[in-house]
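**Q** Each residue of the sequence shown is one higher than the one before, starting from 596 at the first, in our numbering. First, the structure itself, so that you have it in front of you.
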Amino acid sequence: MSVRPSTVRPSWSPRGGSGCRRACTVARRPCTEDWPGGWRDRLGAARHRPRAVRGHEESATVRQTGPRAQEGQGTVRTEQDQDRQGTGGAAAPADAPARAASDVPTGTSRAVPSPDDQAVLDRFDGRVAGREGTENVPVAPWFVRPDRRRHLRALYRFARFVDDVGDEPDAGVRDDGGRRTELLRLVDRDLDRLATGRAQLPAVAGLRTAVSACTLPPDPLHALVRANLQDQVVSRYATFEELVGYCRLSAQSVGELVLHVYGAATPERLRLAADVCTALQLVEHCQDVAEDLRRGRVYLPAEDLVRFGVTEADLAADSAGAGVRRLIAFEVDRAEALLDAGAALVGTLRGEARLLVAGFVGGGRAAIGAIRAAGHDVLAGAPRPSRRQIATEAVRALLDPRPGAGRRRRVAAAYGECERITREQARNFSYGIRLLPPGKRRALSAVYAFARRVDDIGDDPVLPTEEKARLLGAVRAQLGALDDHRDDPVSVALADAAARLPIPLAAFADLVDGVEMDVRGTTYRTPEDLVRYCERVAGSIGRLSLGVFGTADPDGSTRLANALGVALQLTNILRDVREDLENGRVYLPQQDLAEHGITLEAGKPSSLDAAADRLPDLVRSEAVWARGWYEIGLRLVPRLDRRSAACCLAMAGIYSRLLDRIAAEPGRVLEGRVALPGREKLLVAVQALVRGAR
596 MSVRPSTVRP
606 SWSPRGGSGC
616 RRACTVARRP
626 CTEDWPGGWR
636 DRLGAARHRP
646 RAVRGHEESA
656 TVRQTGPRAQ
666 EGQGTVRTEQ
676 DQDRQGTGGA
686 AAPADAPARA
696 ASDVPTGTSR
706 AVPSPDDQAV
716 LDRFDGRVAG
726 REGTENVPVA
736 PWFVRPDRRR
746 HLRALYRFAR
756 FVDDVGDEPD
766 AGVRDDGGRR
776 TELLRLVDRD
786 LDRLATGRAQ
796 LPAVAGLRTA
806 VSACTLPPDP
816 LHALVRANLQ
826 DQVVSRYATF
836 EELVGYCRLS
846 AQSVGELVLH
856 VYGAATPERL
866 RLAADVCTAL
876 QLVEHCQDVA
886 EDLRRGRVYL
896 PAEDLVRFGV
906 TEADLAADSA
916 GAGVRRLIAF
926 EVDRAEALLD
936 AGAALVGTLR
946 GEARLLVAGF
956 VGGGRAAIGA
966 IRAAGHDVLA
976 GAPRPSRRQI
986 ATEAVRALLD
996 PRPGAGRRRR
1006 VAAAYGECER
1016 ITREQARNFS
1026 YGIRLLPPGK
1036 RRALSAVYAF
1046 ARRVDDIGDD
1056 PVLPTEEKAR
1066 LLGAVRAQLG
1076 ALDDHRDDPV
1086 SVALADAAAR
1096 LPIPLAAFAD
1106 LVDGVEMDVR
1116 GTTYRTPEDL
1126 VRYCERVAGS
1136 IGRLSLGVFG
1146 TADPDGSTRL
1156 ANALGVALQL
1166 TNILRDVRED
1176 LENGRVYLPQ
1186 QDLAEHGITL
1196 EAGKPSSLDA
1206 AADRLPDLVR
1216 SEAVWARGWY
1226 EIGLRLVPRL
1236 DRRSAACCLA
1246 MAGIYSRLLD
1256 RIAAEPGRVL
1266 EGRVALPGRE
1276 KLLVAVQALV
1286 RGAR
């Protein structure tokens, strides 16, 4: 099967690197009316009635077995169910490329293994012995008392044994699933004999002490077998709900048993553990996409493959493309949400159990971190966390078992990346952004980082025009589906910021429009034409920033924020006259150039030098025009709170000083970009902070 316990395997997890797929987690318990009388009488049928698991219905593909299971519902039955009901196999989703239930061998009526069966099962069991040390963490860690350690090891042995029977290669087992189905049914029947002491398979008989001492219910043990039976016939899942239904069956059983080992299996804990353990199995699916595909299985919802435009051929590649990365990021985030929802389980436990579950939650988070650190490329190799990372996350889970901790750290990391981009690339804006309180600072950094990405596409000196146009189109589409780009920290941060603040994301479309004008080499005949361009590439940023700042009069303030953006962009144009000309762009209005007898040819800096005697007058005239836009835009400041006003004053102040310097020495634009020294920018920021406090 495709499911393993999380890479962070808890101490009792059934698998480490490769092989065993049964997650040690907590499952929904099926009705016990079908269970052998010995266990039912001992434990009481009432405690084994089905219970709802919060947030999920039973899988459409697989339903809990029992005498009331409906025909045609994608039911997986053990051999004893077949004896009573006369049906067998499991139905795959209608659109899944899995074999039909009728194609699966119906198994054997033998109640005990034949010598050949016994030999094969003994080989599988023999592979388990001595393999505890190969796991990512100890099967029974040092802090577990001896009797519980024996119980945990017995559970580990059984879980790995069943899982190996279900999907590990063996010379005596065909790959068509029929032989494995026969063997798994024999294991299931041997479990029936456990209560009477007649179990013949060593891995099953070894459970007797744990079952007796801890009053372990039979349901989770049988569920492990049923999950492996399902894997023999169901290889695809159409929806996330179907996949979760499978996880509820396969991923939680050992976890429930462990809670029983500690006498901690209360309804509330089982509910929380259901979320944790389902999440761990979903993470494991993401890690092992390539390995599962080689086994002919896909544990990613088919509906999600369609959503992200991913085919199974894409999953077979040596490395993940953009679509696969986005798909995996989406699945990982969904798993993290479940993990966060169940993390409160840690705080309900004490002693050994608390440490184990903290390792469980922390290990899942470490595995998620490893996937993200790999750029969500799970095809080049299954990302695995180090033991140090697992330990670190386990400690964090102990210190902060509140729900949502994992998502909070993910979003914080995304904001951290945006702030890094802002520090390194926003040579002027960063001085003002630093004056904002933390929440607004992070949000405006996300706005800047996304805008920087758009600008970088337009300014790239290597990309051909067609590729720039394609990338800008992709960015435009991304704005409408930020949730589909969870592999991108900038998108994650921007989506979070827009959820918290009234940021008009539609303004980014104006920015893209403006950069597309750059890509096409648009020139501007009149000042009004240039203003329309400036409103797109810079007024848009003013409007976005206003969404972060906040104001009591959004409508009136929007016009002022737009005007301030125009002022800053006009300053940029005057500062970069030579650089833009070298890059094939002329922004100064043709009408104004003609009035001063200047002709500038894109890509020919010599045309600028030829107008050296007339250019200063033009620059001074344009500076006066830009100053008028500052006067309008700065009326925004009194409408802002103190810290936002300081940010606005700092950013506008730096550009205003730059404009003053250009107006005082207009000939300097012939030499190249005009800039302010860092100490002067810092002085402007300090002055802005003081003015904003008034």
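Ideal Cβ positions, reconstructed from N, Cα and C, are used throughout, including at glycine.
Got a sec? Which residues, its chain only, sit under 6 Å from G1228 by beta carbon, not counting five neighbours each side?
**A** As a working note, residue 1228 is residue 633 in the sequence shown. Same-chain partners within the cutoff: L1155, A1158, L1159, A1162.
**Q** Report the option in D913, D899, V1285, V757 whose CA atom is closest to the CA atom of V921.
**A** For the purposes of this step, residue 921 is identified with residue 326 of the sequence shown, where counting begins at 1. Position check: residue 921 holds Arg in this sequence, whereas Val was assumed. The shortest C-alpha separation from R921 is found at D899.
**Q** What would DSSP say about I923, mapped onto helix, strand or coil?
**A** Position 328 of the sequence shown, counted from the first residue, corresponds to residue 923. Helix.
**Q** Anyone know if the C-beta pair for L910 and V927 falls short of 7 Å?
**A** For this step, residue 910 is matched to residue 315 along the sequence shown. For this step, residue 927 is matched to residue 332 along the sequence shown. Result no, Cβ atoms of L910 and V927 do not sit closer than 7 Å.
**Q** Alpha carbon to alpha carbon, how far is L1031 from E1014?
**A** Looking up residue 1031 in the sequence shown gives position 436. Looking up residue 1014 in the sequence shown gives position 419. Taking the straight line from one Cα to the other gives about 12 Å.
**Q** Pick helix, strand or coil for E1260, following the three-state DSSP scheme.
**A** Taking the sequence shown and counting its residues from 1, the one referred to as residue 1260 is at position 665. Coil at E1260, not helix or strand.
**Q** If you draw a straight line from the C-alpha of A948 to the C-alpha of P812, how long is it?
**A** Start at 1 with the first residue of the sequence shown, and residue 948 comes out as number 353. Start at 1 with the first residue of the sequence shown, and residue 812 comes out as number 217. Whole-angstrom Cα-Cα distance: 19 Å.
**Q** Run through DSSP, which three-state label would T703 get?
**A** By one-based count along the sequence shown, residue 703 stands at place 108. Because the pLDDT of T703 is 44, which lies under 50, any placement of that residue in the model is unreliable, and the number read from its coordinates should be weighed accordingly. Here T703 sits in coil by DSSP.
**Q** Only counting the same chain, and skipping five residues up and downstream in sequence, which positions put a Cβ closer than 7 Å to that of R1120?
**A** Counting from one through the sequence shown, the residue named residue 1120 turns up at place 525. For R1120, where only same-chain residues beyond five positions count, the Cβ hits under 7 Å are P1184, Q1185, Q1186.
**Q** Would you decide whether N1023 is buried or exposed? Buried here means 16 or more other CB atoms lie within 10 Å of its CB.
**A** What you label residue 1023 is simply residue 428 of the sequence shown in a count that begins at 1. Its Cβ being crowded by 16 or more others within 10 Å, N1023 is buried.
**Q** Put P583 into one of helix, strand or coil per three-state DSSP.
**A** No information on residue 583 is available, as it lies outside the stretch 596 to 1289 that the chain covers here.
**Q** Looking only at its own chain, which residues have a Cβ that is under 6 Å from the Cβ of D720, when we skip the five neighbours before and after it?
**A** Residue numbering aside, residue 720 sits at position 125 when the sequence shown is read from its first letter. Hits under 6 Å: F756, P797, A798.
**Q** Would you give the residue range spanned by the alpha helix (DSSP H) that E1019 belongs to?
**A** As a position in the sequence shown, residue 1019 is number 424, starting the count at 1. Unbroken alpha helix (DSSP H) run through E1019: 1000-1020.
**Q** Would you tell me roughly how many angstroms separate the C-alpha atoms of A805 and I1098, rounded to the nearest one?
**A** Stepping through the sequence shown from its first residue, residue 805 is reached at position 210. Stepping through the sequence shown from its first residue, residue 1098 is reached at position 503. In a straight line, the C-alpha of A805 is about 58 Å away from that of I1098.
**Q** If R1047 and V1070 are in contact, beta carbons under 8 Å, what's the gap, nearest whole angstrom?
**A** Locating residue 1047 in the sequence shown gives position 452, counting from the first residue. Locating residue 1070 in the sequence shown gives position 475, counting from the first residue. Going by Cβ atoms, the distance from R1047 to V1070 rounds to 12 Å, so no, they are not a contact pair.
**Q** Quick check on G840: buried or exposed, where buried means 16 or more other Cβ atoms within 10 Å of its Cβ?
**A** Here residue 840 corresponds to residue number 245 of the sequence shown, with the count starting at 1. So G840 ends up on the buried side.
**Q** When we look at the beta-carbon of P1056 and count the other beta-carbons within 10 Å, is it buried (16 or more) or exposed?
**A** Stepping through the sequence shown from its first residue, residue 1056 is reached at position 461. That one is exposed.
**Q** In this structure, does DSSP put S564 in helix, strand or coil?
**A** Missing from the structure shown is residue 564; the chain here goes from 596 to 1289 and no further.
**Q** Nearest to A1147 by alpha carbon, out of P815, E879, D1236, R979?
**A** Here residue 1147 refers to the residue found at position 552 of the sequence shown. If we check each option's Cα against that of A1147, D1236 comes out closest.
**Q** Report the residue from A977, G999, A917, D972 whose alpha carbon sits nearest the alpha carbon of V956.
**A** The count along the sequence shown starts at 1 and reaches residue 956 at position 361. Cα-wise, what sits closest to V956 is G999.
**Q** Buried or exposed: P764, going by 16 or more other Cβ atoms within 10 Å of its Cβ?
**A** The residue labelled residue 764 in the question sits at position 169 within the sequence shown. Exposed.
**Q** Please determine if the segment 863-870 and the segment 932-946 are in contact, where contact requires at least 3 C-beta pairs separated by less than 8 Å.
**A** Touching, per the Cβ criterion.
**Q** When burial is assigned at 16 or more other CB atoms within 10 Å of the CB, is G904 buried or exposed?
**A** Walking along the sequence shown from the start, residue 904 turns up at place 309. With fewer than 16 Cβ atoms within 10 Å of its Cβ, G904 is classed as exposed.
**Q** Can you tell me whether Y1182 is helix, strand or coil according to DSSP?
**A** By one-based count along the sequence shown, residue 1182 stands at place 587. Coil at Y1182, not helix or strand.
**Q** Could you tell me the boundaries of the alpha helix (DSSP H) in which G761 lies?
**A** To locate residue 761, count along the sequence shown from 1; it is residue 166. First-last of the alpha helix (DSSP H) with G761: 741-762.
**Q** Decide yes or no for the touch test of the segment 1130-1146 against the segment 1025-1044: beta carbon pairs closer than 8 Å, at least 3 of them.
**A** Segments in contact, yes.
**Q** Quick check on R784: buried or exposed, where buried means 16 or more other Cβ atoms within 10 Å of its Cβ?
**A** Start at 1 with the first residue of the sequence shown, and residue 784 comes out as number 189. Under this definition R784 is a buried residue.
**Q** So P1033 is in the alpha helix (DSSP H); what residue range does that whole segment cover?
**A** Sequence index remark: in the sequence shown, residue 1033 carries index 438 (1-based). Here the alpha helix (DSSP H) through P1033 covers 1033-1054.
**Q** Do A961 and Q984 have their C-beta atoms within less than 7 Å of each other?
**A** Counting from one through the sequence shown, the residue named residue 961 turns up at place 366. Counting from one through the sequence shown, the residue named residue 984 turns up at place 389. For A961 and Q984, yes; Cβs fall inside 7 Å.
**Q** Confirm, please, whether the CB-CB distance from R1081 to A924 is below 7 Å.
**A** As a first step, residue 924 is located in the sequence shown; it is residue number 329 there, counting from the start. As a first step, residue 1081 is located in the sequence shown; it is residue number 486 there, counting from the start. Result yes, Cβ atoms of A924 and R1081 sit closer than 7 Å.
**Q** Which residues bound the alpha helix (DSSP H) around Y1026?
**A** Counted from its first residue, the sequence shown places residue 1026 at position 431. That run of the alpha helix (DSSP H) goes 1024-1028.
**Q** Using the rule of at least 16 other Cβ atoms within 10 Å of the residue's Cβ for burial, across every protein chain shown, is T1017 buried or exposed?
**A** On the sequence shown, position 422 is the one that residue 1017 refers to. Result: buried.
**Q** Can you give the Cα-Cα distance for L1074 and L1195, rounded to whole angstroms?
**A** Taking the first residue of the sequence shown as 1, we reach residue 1074 at position 479. Taking the first residue of the sequence shown as 1, we reach residue 1195 at position 600. Approximately 36 Å between the Cα atoms of the pair.
**Q** Run through DSSP, which three-state label would I1193 get?
**A** Counting from one through the sequence shown, the residue named residue 1193 turns up at place 598. If DSSP states are grouped into helix, strand and coil, I1193 belongs with coil.
**Q** Starting from H817 and walking both ways along the alpha helix (DSSP H), at which residues does that stretch end?
**A** Residue 817 sits at position 222 when you count from the first residue of the sequence shown. Unbroken alpha helix (DSSP H) run through H817: 814-826.
**Q** Compare the beta carbon distance of R1215 and A1258 with 7 Å and say whether it is the shorter of the two.
**A** Residue 1215 sits at position 620 when you count from the first residue of the sequence shown. Residue 1258 sits at position 663 when you count from the first residue of the sequence shown. Yes.
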